[in-house]
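One structure is given here, and the rest of the page talks about it.
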Amino acid sequence: MLGAEVTFDVALPKVVWGWLVSTNMWAKSIATGTFLLGLYFIKRYPENDNFFRKWIPILGLIFIGITLLVTVLDLHHMFRFWKIFLFAHFTSAVTLGAWVVSGFVIVLLISFWSWITGNKKLFDKVMIPGSVLAFFSTIYTAGIMGQSTAREFWVFPAEMIQMLLSAAIAGSATYLLIMSIYNIQNENIKRELGYILIGSAFLSGLMYVGELLFSKMHSEFSYETAKILLFGEIAPFFWIGLFLTIVIPIVLVGIANEKKKYEYIPIGSVSALIGLWFIKHAWLLAPQMLPLS
Amino acid sequence: MRLGFLVDLSRCMGCMACAVSCKAENDVPLNSWRLRVKYIDQGEFPEVKRHFVPLRCNHCENAPCERICPVSALHYLPNGIVNVDHNRCIGCASCMMACPYNAIYIDPLTNSADKCTYCAHRIEVGMMPACVVACPTHANIFGDLDDPESEISKYLKEHRDVMVRKPELNTKPKHFYVRGSTVALDPLASERPEGYTLFTEVKFLDHIGGH
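If you read the protein sequences in the order shown, they are chains A and B. Here my numbering is used: the first residue of the first sequence is 1, the next is one more, and so on. Here my numbering is used: the first residue of the second sequence is 1001, the next is one more, and so on.
Here is the structure:
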């Protein structure tokens, strides 16, 4: 500070994107994460593919439905949503995201039809385009964050990796939860999902530590945003999120995998899913706490 | 033609005539601002200085709002103005997330994004923007940056202390400040004690507007 203070200014809204956008990112992580991991397990364990062929479309359609619902609800003109297709502006990551997610929804509908009719070949045909669409559906939000020039704290490459790790966390945690709820006994798949959850949570935690503590802050805005996340008004959300998404799942799912105490898995999975929303929310709000003008 | 704006901060006396004329000309609703004047006090008595800073859209040549708008509601006019098409806007607020100058707002009555357009409707018929006309000290200087004979081009040539806000973001703003300072132009260089929005924080009644 240069011994100066603002003595008059107009009241500008602080938070432009709030919990609806956090929920969008959270639900999308589950939808794309369950899809991508589901495909991996169908290929790896073809003898147990029925479980994934059933839950890919169910989870995908529910959570991509939530994603689309909160996206439309967040629009100030929700009934003009169609304009994004008719007047598409393809320099915008928002437009690219809308098109990619629409394609992903079509793939999910095909996979749903494939499950209903038992026509496995139908789903097999859309697996490759589906995985491409799921991948880009996961990362397009990082593109939007990267294009949000005002929020210098968000950098596309780091956000993209975090989005992919979020999808891995959300996908593995959701499948582990479903397997626990329906008492599905397949130790190999359960353990592998557990290790995916532990690994992705660990890497995600490393990314946060790296970004906040060790990376060079290229602007005062980024530095102040990091301070808000770590110690400011958003800090409770962030620390709770980190604890729930990273610490608890690593410990509980780690114990479950190593000691074969699978009763710990549901708690670890639910914790990861709840914590992921908190982290997304904190990460979204923090750069909006600072004045831009 | 590349229309640009320049504010000579040494001439600005914080009278708000520009802000009021902008509101009147463009029917800007309560609680929303296309142009505002920020007051910043610096120093301790008796060495105190007050800075007045008019803030509006910078009509960037590399506008992040134009790039991120999913439906091209924000678009360039041939004269360089970044304009808004209210009927096309879907209200996603991406432009508000992208604009590093906090120059865009969602109009509570139309639910569309809105901002300063350099009074494009007035320029179209050969008139100056309302804020330029209203300024009693001619602190607002407006004109064609491509015309070497325009007042703004001459002003830019004559003054060495020309600044823009956040040049490091490569938005290439076409809104310049002469005799500015870090305190005046960097939002993080000054503290914001409670109460500085005392007269501007309007609460809407339910039947009037809001969203």
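Note that the Cβ used here is the ideal one computed from N, Cα and C, for glycine as well. This one's a predicted model, so the numbers in the text were calculated from it and none came from an experiment.
Helix or strand or just coil, what does DSSP make of residue i?
i: A/F278; result: helix
i: B/G1126; result: coil
i: A/F81; result: coil
i: B/K1038; result: strand
i: A/Y40; result: helix
i: B/L1074; result: strand
i: B/E1194; result: coil
i: B/V1162; result: strand
i: B/L1006; result: strand
i: B/D1114; result: strand
i: A/L176; result: helix
i: B/E991; result: The requested residue 991 of chain B is not part of the displayed model; chain B covers only 1001 to 1211.
i: B/N1044; result: It is Glu, not Asn, that sits at residue 1044 of chain B in the sequence shown. Looking at B/E1044 - three-state DSSP - the assignment turns out to be strand.
i: B/T1137; result: coil
i: B/N1026; result: helix
i: A/F123; result: helix
i: A/P287; result: helix
i: A/P266; result: helix
With a threshold of 16 other CB atoms inside 10 Å of the CB of residue i, please say whether the residue is buried or exposed.
i: B/P1046; result: exposed
i: A/W82; result: exposed
i: B/N1058; result: buried
i: B/G1210; result: Its pLDDT being 48, under 50, B/G1210 is placed unreliably in this model, and the coordinates cannot settle the point.
i: A/N24; result: buried
i: A/V70; result: buried
i: A/W154; result: buried
i: A/F243; result: exposed
i: B/L1066; result: The sequence given here has Glu at residue 1066 of chain B, not Leu. Burial call: buried.
i: A/F237; result: buried
i: A/M145; result: buried
Let's see if you can read the secondary structure: which residues bound the beta strand (DSSP E) around residue i?
i: B/V1053; result: E1047 to L1055
i: B/F1142; result: N1140 to D1144
i: B/V1178; result: H1175 to V1178
Please report the straight-line C-alpha distance between residue i and residue j, rounded to a whole angstrom.
i: B/V1053; j: B/A1019; result: 11 Å
i: B/K1166; j: B/Y1177; result: 12 Å
i: B/S1021; j: B/C1131; result: 6 Å
i: B/R1122; j: B/R1192; result: 36 Å
i: B/F1142; j: A/L59; result: 57 Å
i: A/T174; j: B/T1117; result: 48 Å
i: A/V101; j: A/W277; result: 20 Å
i: A/F35; j: A/K54; result: 11 Å
i: A/V253; j: A/I265; result: 5 Å
i: B/M1001; j: B/N1026; result: 24 Å
i: A/I30; j: A/K280; result: 13 Å
i: B/V1071; j: B/I1090; result: 8 Å
i: B/V1082; j: B/A1093; result: 16 Å
i: A/K43; j: A/S180; result: 22 Å
i: A/I267; j: A/G171; result: 15 Å
i: A/G103; j: A/F52; result: 20 Å
Would you list the one or two residues that DSSP bridges to residue i?
i: A/K54; result: Beta-bridge pairing links A/K54 to no other residue.
i: A/G3; result: Bridge partners of A/G3: none, in fact.
i: B/N1083; result: B/H1075
i: A/F243; result: According to DSSP, which records beta bridges pairwise, A/F243 is partnered with nothing at all.
i: B/S1106; result: One point to set straight first is that residue 1106 of chain B is Ile, not Ser, in the sequence displayed. B/A1113, per the DSSP bridge assignment.
i: A/F8; result: B/Y1039
Does the distance between the C-beta of residue i and the nearest non-hydrogen atom of the ligand FAD fall short of 7 Å?
i: A/Y208; result: Within the structure as shown, the ligand FAD is missing, as the structure has no ligands at all.
Along the chain, where does the alpha helix (DSSP H) that runs through residue i open and close?
i: A/G194; result: E187 to V209
i: A/F231; result: E220 to F231
i: A/N257; result: I248 to K259
i: A/T91; result: Unbroken run through A/T91: none, as it is neither H nor E.
i: B/E1066; result: P1064 to I1068
i: B/A1184; result: T1182 to L1185
Any beta carbon of chain C sitting closer than 8 Å to that of residue i?
i: B/L1188; result: Here chain C cannot be found, since the structure's protein chains are A and B.
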